[in-house]
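Here's the structure, in structure tokens; my notes come after.
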Amino acid sequence: MIRFSAFALTALTALPLPALAGSFTPPESCETWLTVQSRACRVSNYYKCGADVAGDQWRADFDQEGIFFISHIDRETQWVESFDLNPTVRQVLDPEPEDPANFSGLLATGLDTFTFRLSDDTGIRTEVSGHDRLTGVETVIDGVTLKQTEYEFTETDLNGTQLRQARGNEFIHPEWRLFFAGAGEWNGGDGYVPIDGTPRDFIFPGEPGFEATQPIYDCDAVLSEAEPGGQIERLIDVAD
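Counting from 1458, one number per residue, gives the positions in the sequence shown under this note's numbering.
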């Protein structure tokens, strides 16, 4: 589950964040293990940190203007914390979720439901509920075999007022214990619009493009849609 937007960060120096310029450099005691170039003009660097709980992973997302989003998940792909750098706000998972995300359960049964609450540094609290379901379809992208999922989620305030919705397909890698974006629809209050962050290249240490910070796919299309009169929604990685 990678779809939920973060809202932030209060003290960069107190957190395990990467260097923000040039080729991606993970924080001290951390190591990058995967770079993914995706549609929608995004490149993501995945890294793990020695001081974290076993199974935890981080992801840093870059667009044409640089780094904009950092996420931290646990072994079950729960959204431990995330940071939106425009503006800088930190969002965390509230303790004792009603129905926590469970990657192991998704693999075992083909279905994972979830209901949990998020809090950010500005005092905003929301509730997210939805599901991930394996479709039975396998896809090979750049030599990597992925399982397709179908998902849907709704985020509300604590009074039940709907804030945003999304639905569509994503991909998982069972051994990596990661979700990757796919094609879907996003509704921020003005009706559903299409989104597609499907991976195009999986790049490993020693390969050209590893730790890249410049996206290469769909960037001209993104710039066009951002012009006056157009509409673009950054992937909710969301995702997730």
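We put the beta carbon where it would ideally sit given N, CA and C, even for glycine.
* To do: To the nearest angstrom, report how far apart glutamine 1494 and glycine 1617 are at their CA atoms.
  => Looking up residue 1494 in the sequence shown gives position 37. Looking up residue 1617 in the sequence shown gives position 160. Answer to the nearest angstrom: the Cα atoms are 36 angstroms apart.
* First and last residue of the uninterrupted alpha helix (DSSP H) at threonine 1482 -> Indexing the sequence shown from 1 puts residue 1482 at position 25. Careful: threonine 1482 lies outside any alpha helix (DSSP H) and carries neither H nor E.
* To do: Report yes or no: do three or more beta-carbon pairs, one from the segment 1664-1673 and one from the segment 1643-1655, lie closer than 8 angstroms?
  => no
* To do: May I ask you to list the residues that DSSP assigns as paired with cysteine 1506?
  => Position 49 of the sequence shown, counting from 1, holds the residue named residue 1506. Assignment of beta-bridge partners to cysteine 1506 by DSSP yields Cys1487.
* **CA nearest to the CA of leucine 1615, picked from Ile1652, Ser1586, Ala1640, Thr1492** => Against the sequence shown, residue 1615 aligns to sequence position 158. That would be Ser1586, whose Cα lies nearest to the Cα of leucine 1615.
* Asked: Per DSSP, which one or two residues make a beta bridge with threonine 1543?
  -> Here residue 1543 refers to the residue found at position 86 of the sequence shown. According to the sequence provided, residue 1543 is asparagine. The question's threonine does not apply to it. Looking at the DSSP assignment, asparagine 1543 forms no beta bridge with any residue, so it has no partner.
* **DSSP bridge partner residues for alanine 1640 (one or two, in chain order)** => Along the sequence shown, one-based indexing puts residue 1640 at 183. Paired residue(s): Asp1653.
* Asked: If you draw a straight line from the C-alpha of tyrosine 1503 to the C-alpha of proline 1552, how long is it?
  -> Within the sequence shown, numbered from 1, the residue matching residue 1503 stands at position 46. Within the sequence shown, numbered from 1, the residue matching residue 1552 stands at position 95. Their Cα atoms are separated by approximately 25 angstroms.
* Asked: Is the CB-CB distance between leucine 1620 and leucine 1591 below 9 angstroms?
  -> Position 163 of the sequence shown holds residue 1620. Position 134 of the sequence shown holds residue 1591. No, these two residues do not count as a Cβ contact at 9 angstroms.
* State buried or exposed for alanine 1640, treating a residue as buried only when at least 16 other CB atoms are found within 10 Å of its CB. => Against the sequence shown, residue 1640 aligns to sequence position 183. Its Cβ having fewer than 16 others within 10 Å, alanine 1640 is exposed.
* To do: Could you tell me whether the Cβ atoms of glutamine 1548 and aspartate 1578 are closer together than 9 angstroms?
  => On the sequence shown, residue 1548 is found 91 positions in, with the first residue counted as 1. On the sequence shown, residue 1578 is found 121 positions in, with the first residue counted as 1. Yes; because the gap between Cβ atoms is below 9 angstroms, this pair is in contact.
* Would you kindly report the start and end of the unbroken alpha helix (DSSP H) that includes leucine 1563? => Against the sequence shown, residue 1563 aligns to sequence position 106. Element bounds for leucine 1563: 1560-1566.
* Asked: If you check the beta carbons only, do tryptophan 1536 and alanine 1511 fall under 9 angstroms apart?
  -> Against the sequence shown, residue 1536 aligns to sequence position 79. Against the sequence shown, residue 1511 aligns to sequence position 54. No, Cβ-Cβ distance for tryptophan 1536 and alanine 1511 is not below 9 angstroms.
* Asked: Less than 9 angstroms separating the beta-carbons of phenylalanine 1525 and aspartate 1509?
  -> The count along the sequence shown starts at 1 and reaches residue 1525 at position 68. The count along the sequence shown starts at 1 and reaches residue 1509 at position 52. Not a contact, by the Cβ cut-off of 9 angstroms.
* Asked: Taking C-beta to C-beta, are threonine 1606 and glutamate 1632 nearer than 9 angstroms?
  -> As a working note, residue 1606 is residue 149 in the sequence shown. As a working note, residue 1632 is residue 175 in the sequence shown. Not in contact: threonine 1606 and glutamate 1632 (Cβ atoms no closer than 9 angstroms).
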